[in-house]
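Colleague:
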Amino acid sequence: KVVQPGVVAAVSPVAPPCPGRIRHFKI
Amino acid sequence: APPAIGPAYRELNCDDPETEQAALVAVDYINKHLSRGYKHTLNQIDKVKVWPRRPMGEVFEMEIDTLETTCHALDPTPVVNCSVRQLTQHAVEGDCDFRVLKQDGQFHVLFAKCDSSPDSAEDVLKVCPDCPLLAPLNSTKVVHAAEAALRTFNAHSNGSYFQLVDVSRAQLVPLPVSTYVEFAVAATDCVAKEVTDPAKCNLLAEQQYGFCKATLTEKVGGEDVAVTCAVFQTQPVLPQPQPDTNAPTPVGASVVPAPPPAPMVVGPLVV
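Which chain is which? The protein sequence lines are A and Y, in order.
Okay, so the first sequence: first residue is 1 according to this note's numbering, each after it adds one.
Okay, so the second sequence: first residue is 28 according to this note's numbering, each after it adds one.
1. Which partner residues of methionine 89/Y appear in the DSSP bridge assignment?
2. Classify leucine 202/Y as buried or exposed, calling it buried when 16 or more other Cβ atoms lie within 10 Å of its own Cβ.
3. Could you tell me the boundaries of the alpha helix (DSSP H) in which leucine 160/Y lies?
4. Check whether the Cβ atoms of arginine 80/Y and glutamate 95/Y lie closer than 7 Å to each other.
5. Which runs of the beta strand (DSSP E) fall wholly inside the segment 154-223 of chain Y and span at least 3 residues, in chain order?
6. Around the Cβ of threonine 167/Y, are there at least 16 other Cβ atoms within 10 angstroms (buried) or fewer (exposed)?
7. Closer than 6 Å by C-beta to cysteine 209/Y: which residues in its own chain qualify, once you throw out the five before and the five after it? Chain order, please.
8. If you reduce the DSSP assignment to three classes, tell me which class alanine 49/Y lands in.
9. What does valine 111/Y touch in chain A if you count any residue whose Cβ is under 7 Å from its own?
10. Give a yes or no on contact between the segment 233-250 of chain Y and the segment 167-184 of chain Y, applying the rule of three or more CB pairs nearer than 8 Å.
11. What number of angstroms, rounded off, separates the C-alpha of proline 159/Y from the C-alpha of aspartate 131/Y?
12. Could you tell me whether the segment 51-70 of chain Y touches the segment 95-104 of chain Y, using the rule of 3 or more Cβ pairs below 8 Å?
13. At which residues does the beta strand (DSSP E) containing glutamate 250/Y begin and terminate?
14. If you draw a straight line from the alpha carbon of leucine 243/Y to that of lysine 26/A, how long is it in whole angstroms?
15. Compute the beta-carbon to beta-carbon distance between alanine 213/Y and glutamine 234/Y, rounded to the nearest angstrom, for a pair I have assumed lies under 8 Å.
16. So is threonine 215/Y buried or exposed if we call it buried at 16+ other beta carbons inside 10 Å?
17. If the cut-off is 8 Å on Cβ atoms, which residues from the segment 70-89 of chain Y count as contacting chain A, listed in chain order?
18. For the segment 134-157 of chain Y, enumerate the residues whose C-beta is nearer than 7 Å to any C-beta of chain A, in chain order.
19. Using beta carbons (cut-off 7 Å, strictly below), is alanine 118/Y in contact with chain A?
20. Cα-Cα, which of Ala148/Y, Asp73/Y, Val222/Y, Tyr207/Y is closest to glutamine 190/Y?
21. What residues match up with tyrosine 236/Y in a beta bridge as DSSP calls it?
22. Based on the DSSP output, what are the partners of lysine 140/Y in its beta bridges?
23. Quick check: the segment 118-137 of chain Y against the segment 176-183 of chain Y, are there 3 or more CB pairs under 8 Å?
24. Can the beta-carbon of valine 119/Y be found closer than 7 Å to that of proline 145/Y?
25. I want to verify the contact list: residues of chain A whose CB lies under 9 Å from the CB of cysteine 41/Y, in sequence order.
26. Applying a beta-carbon distance threshold of less than 8 Å, which residues of chain A neighbour leucine 114/Y?
27. What's the call for valine 107/Y, buried or exposed, on a 16-neighbour Cβ count within 10 Å?
Below you can see the structure in the form of structure tokens.
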């Protein structure tokens, strides 16, 4: 019986939260 | 072993303290290198990538949004003590690209490029339908208002004759019909009361700047001028480390000596 080798899923890095916080107001 | 996957740069949160530290150094850099306009303060960090740098250190590649404050570039007040220009006053934002080197725990700006732009007229009028909008600084009315205000200030001054450095902001007010201007001035070696030919006056070697706010109100058969100027402490000429020679200075900016570490505002002198 032929089986596919196990594929280790790459751990995708969590996208960093950007843009950051607004300190005053956005125009 | 599988080849290394993923980006060559380090991903960092835009609100990470290390990112924020780099951003504050960057904003401080633009404020120290402005000679006209207003100081800016950090509003938002848009993007950050941290690249390894050989032989050592890391380079923070960043995009930053800033907001104009009410402190003129020549005002030695630390930016932390400056108010942000509010929407109703027609706010101005800055979009900046920076590369900041971190080495041995120290940040050093390698590259800076900023563009500033005022809020749209639609947005200002949305929050304040009666607020005056920013006017072009070279308009006849604006130039006339600044010159008339400075003439008034010098006429009432007992000290040095002041020259116009730049008009930094202006608004045309519909009712009463008036022009509001803000401008920077510099002291000369002439005495205000004795000047006959202003062209013969020279700026002081130890430069002394001031910042004025004035309103010129149009009246039937004339005009009224109200002007308030704050004269800053003299600013000694200090050598300053420069970034990469290929790095442009922020738009509309030129390099000026660093402000003194302990600023003190003299005045204001009110006319």
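We put the beta carbon where it would ideally sit given N, CA and C, even for glycine.
For clarity, every value in this text was computed on a predicted model and none was experimentally measured.
Modeller: In short, the structure shows the following:
1. Under DSSP, the beta-bridge partners assigned to methionine 89/Y are Val75/Y, Phe125/Y.
2. exposed
3. Element bounds for leucine 160/Y: n/a, residue is neither H nor E.
4. no
5. 187-200, 205-218
6. exposed
7. It should be noted that the sequence gives glutamate, not cysteine, for residue 209/Y. So the qualifying residues of the chain are Ser195, Arg196, Lys240.
8. helix
9. His24
10. Yes, the segment 233-250 of chain Y is in contact with the segment 167-184 of chain Y.
11. 49 Å
12. yes
13. 249-259
14. 32 Å
15. 6 Å
16. Threonine 215/Y counts as buried, since at least 16 other C-beta atoms from the protein chains shown sit within 10 angstroms of its C-beta.
17. Of all residues in the segment 70-89 of chain Y, Asn70, Gln71, Ile72, Asp73, Lys74, Val75 have a Cβ within less than 8 Å of some Cβ in chain A.
18. Asp146, Asp150
19. yes
20. Val222/Y
21. Ala213/Y
22. Asp124/Y
23. no
24. yes
25. Pro16, Pro17, Cys18, Pro19, Gly20, Arg21
26. Phe25, Ile27
27. exposed
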